[in-house]
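Number of protein chains: 2
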Amino acid sequence: MTSRRREREALALADQLHSAAIHLLRHLRKEDDASGLSAPRLSALSVVVFGGPITLGQLARAEQVKPPTMTRIVAGLEKDGLVKKKGDARDRRLTKIYATARGERVLVAGRARRVELLAGAVERLGKTELAELGRGAQLLRELIDSMRRAQ
Amino acid sequence: MTSRRREREALALADQLHSAAIHLLRHLRKEDDASGLSAPRLSALSVVVFGGPITLGQLARAEQVKPPTMTRIVAGLEKDGLVKKKGDARDRRLTKIYATARGERVLVAGRARRVELLAGAVERLGKTELAELGRGAQLLRELIDSMRRAQ
DNA sequence: AAGATATCGTTAGCTGTGCTAACGATCTCC
DNA sequence: GGAGATCGTTAGCACAGCTAACGATATCTT
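Respectively, the protein sequence lines represent chains U and Y. With our numbering, the residue at position 88 of the first sequence is 88, and numbering never jumps. Going from the second sequence to our numbering is simple: count from 1 and add 151.
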């Protein structure tokens, strides 16, 4: 049985998490700027680097974005020499996106810079708190996966 | 002393939190759309509703945005009748922003809808996990405050 | 084999968010 | 009363998101 009280708690917690996510990203946006990469480009580049060569359509789906949007994000990345496009030999409708060496370097550097501020704050935590926050992050990830499945 | 190992853990945790925040908001963006309010407008409206009458500049600072950006966000809200502008009598450079009754209704409805998906996932958690996640959310909020102060 | 249909990525054109620079209006301090 | 500070707006730029429409290519049907 899901009591009314429990329901209220869940709603409050959901609200807190939502608010925390918004403010966290607002803070980190400044670090993004330092790398010269916008958040969407950085996110897409990350998928290309870690997700190997990938078609534009797959990338758009992975980033929850429509194809025309991804076309322009990739164009921006390519202009900066961070990715490379190449037609698929078997199916010539497809365009495969590859990360360049420079793309990988910039991604790693950018991510480190962006996360640095947050990591600094994390380091100031006590040992117990660090463990608790780690557990919270794990649960949060599971929560997000559960939402994705339920969708 | 901050060991190298601890530093690496902090970085990994920071990275997880960052990634979780991104994906959480991507999922919730769809719910935002249903209310007809973009995320920035919804966020600003929230500050106006709960933060009482507020000047445009204060609102811009609260939302971590420059004044010209806030001018247009408020213009959009006003066009939809969610907010009302009124010059301050004492200092006529100031513009005070008030929420309308409609604005309050739409905010509450929109927030509920947006958070519903997340709350549903939260409700599926066990009692212990709920408590752990709550603790994690609290720590996260403290972390963000600490970042804001350190900035 | 040829034509109909489906899929992929791009282009064109719209809305909205973010910024800086420059400005007019107003307040404050000397 | 004048100099300088503060507030909000306007103008103009870049980027991200969307839909609609299109050309090129694959695939299915007959």
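A virtual CB, placed ideally from N, CA and C, is assigned to each residue, including glycine. Quantities reported herein were computed from a predicted structural model and do not represent experimental measurements.
Terminal residues of the continuous alpha helix (DSSP H) containing threonine 100/U?
-> Counted from its first residue, the first sequence places residue 100/U at position 100. No alpha helix (DSSP H) contains threonine 100/U, which DSSP labels as neither H nor E.
Are the region 270-285 of chain Y and the region 104-124 of chain U touching, with three or more C-beta to C-beta distances below 8 Å?
-> Not touching, per the Cβ criterion.
Rounded separation between serine 170/Y and glutamate 9/U - CA only | One-based indexing of the second sequence puts residue 170/Y at position 19. One-based indexing of the first sequence puts residue 9/U at position 9. Serine 170/Y and glutamate 9/U: Cα-Cα distance of roughly 25 Å.
Span separating the alpha-carbon of arginine 41/U from that of leucine 59/U = Residue 41/U sits at position 41 when you count from the first residue of the first sequence. Residue 59/U sits at position 59 when you count from the first residue of the first sequence. For the pair arginine 41/U and leucine 59/U, the Cα-to-Cα distance works out to about 12 Å.
Span separating the alpha-carbon of leucine 77/U from that of leucine 25/U = Residue 77/U sits at position 77 when you count from the first residue of the first sequence. Residue 25/U sits at position 25 when you count from the first residue of the first sequence. Here the alpha carbons of leucine 25/U and leucine 77/U stand approximately 22 Å from one another.
Residue closest to arginine 253/Y, alpha-carbon to alpha-carbon, out of Arg241/Y, Lys235/Y and Glu214/Y = In the second sequence, residue 253/Y corresponds to position 102, counting from 1. Here the closest residue by C-alpha is Lys235/Y.
Per DSSP, cross-strand counterpart(s) of lysine 96/U = Taking the first sequence and counting its residues from 1, one reaches residue 96/U at position 96. By DSSP's assignment, lysine 96/U forms a beta bridge with Thr55/U and Lys86/U.
Between Gln215/Y, Glu255/Y and Arg262/Y, which lies nearest to aspartate 203/Y when the distance is taken from Cα to Cα?
-> In the second sequence, counting from the first residue as 1, residue 203/Y sits at position 52. Aspartate is not the amino acid found at residue 203/Y; the sequence shown has glycine there. The candidate whose alpha carbon is nearest that of glycine 203/Y is Glu255/Y.
For lysine 217/Y, I'd like the list of residues in its chain whose CB is within less than 8 Å of its CB, leaving aside the five on either flank, ordered along the chain.
-> Taking the second sequence and counting its residues from 1, one reaches residue 217/Y at position 66. The beta carbon of lysine 217/Y is closer than 8 Å to those of Ala211 in its chain, skipping five residues each way along the sequence.
Is glutamate 283/Y helix, strand or coil by DSSP?
-> Locating residue 283/Y in the second sequence gives position 132, where the first residue counts as 1. Note: glutamate 283/Y maps to helix in three-state DSSP.
Using CA coordinates, which residue listed in Leu107/U, Val106/U, Val74/U and Arg90/U is at the minimum distance from isoleucine 97/U?
-> On the first sequence, residue 97/U is found 97 positions in, with the first residue counted as 1. Among Leu107/U, Val106/U, Val74/U and Arg90/U, the Cα nearest to that of isoleucine 97/U belongs to Val74/U.
Chain Y partners of valine 122/U, CB-CB under 9 Å?
-> Residue numbering aside, residue 122/U sits at position 122 when the first sequence is read from its first letter. Per Cβ cutoff of 9 Å: Glu160, Ala161, Leu162, Leu164, Ala165, Leu168 and Leu294.
Just how far apart, CA to CA, sit leucine 130/U and aspartate 166/Y?
-> Position 130 of the first sequence holds residue 130/U. Position 15 of the second sequence holds residue 166/Y. If I take the Cα positions, the gap works out to 14 Å.
Buried or exposed for alanine 172/Y, please, with buried defined as at least 16 other CB atoms from any protein chain shown within 10 angstroms of its CB.
-> Position 21 of the second sequence holds residue 172/Y. Alanine 172/Y should be labelled buried.
Does the distance from the C-beta atom of glutamate 7/U to that of glutamate 274/Y stay below 8 Å?
-> Taking the first sequence and counting its residues from 1, the one referred to as residue 7/U is at position 7. Taking the second sequence and counting its residues from 1, the one referred to as residue 274/Y is at position 123. Taking a C-beta distance under 8 Å as the contact criterion, glutamate 7/U and glutamate 274/Y qualify as a contact pair.
Which chain Y residues are close to glutamine 64/U, counting only those with a beta carbon under 7 Å from its beta carbon?
-> Taking the first sequence and counting its residues from 1, the one referred to as residue 64/U is at position 64. Chain Y residues near glutamine 64/U: Arg177.
By the 10 Å Cβ neighbour count, where 16 or more other Cβ atoms means buried, how is arginine 262/Y classified, buried or exposed?
-> Here residue 262/Y corresponds to residue number 111 of the second sequence, with the count starting at 1. With 16 or more other Cβ atoms within 10 Å, it is buried.
Does any C-beta atom of chain Y lie closer than 8 Å to the C-beta of valine 48/U?
-> Translated into the one-based positions of the first sequence, residue 48/U becomes position 48. It does not: the Cβ of valine 48/U has no partner Cβ on chain Y nearer than 8 Å.
Reducing DSSP to helix, strand and coil, say where arginine 177/Y ends up.
-> If you number the second sequence from 1, residue 177/Y lands on position 26. Note: arginine 177/Y maps to helix in three-state DSSP.
Can you grab the Cα-Cα spacing for the pair arginine 141/U / leucine 233/Y, in whole Å?
-> Taking the first residue of the first sequence as 1, we reach residue 141/U at position 141. Taking the first residue of the second sequence as 1, we reach residue 233/Y at position 82. The straight-line gap from Cα to Cα measures roughly 35 Å.
Report the residue from Ser297/Y, Leu188/Y, Val259/Y and Gly238/Y whose alpha carbon sits nearest the alpha carbon of lysine 230/Y.
-> For the purposes of this step, residue 230/Y is taken as residue 79 along the second sequence, with counting starting at 1. The shortest C-alpha separation from lysine 230/Y is found at Leu188/Y.
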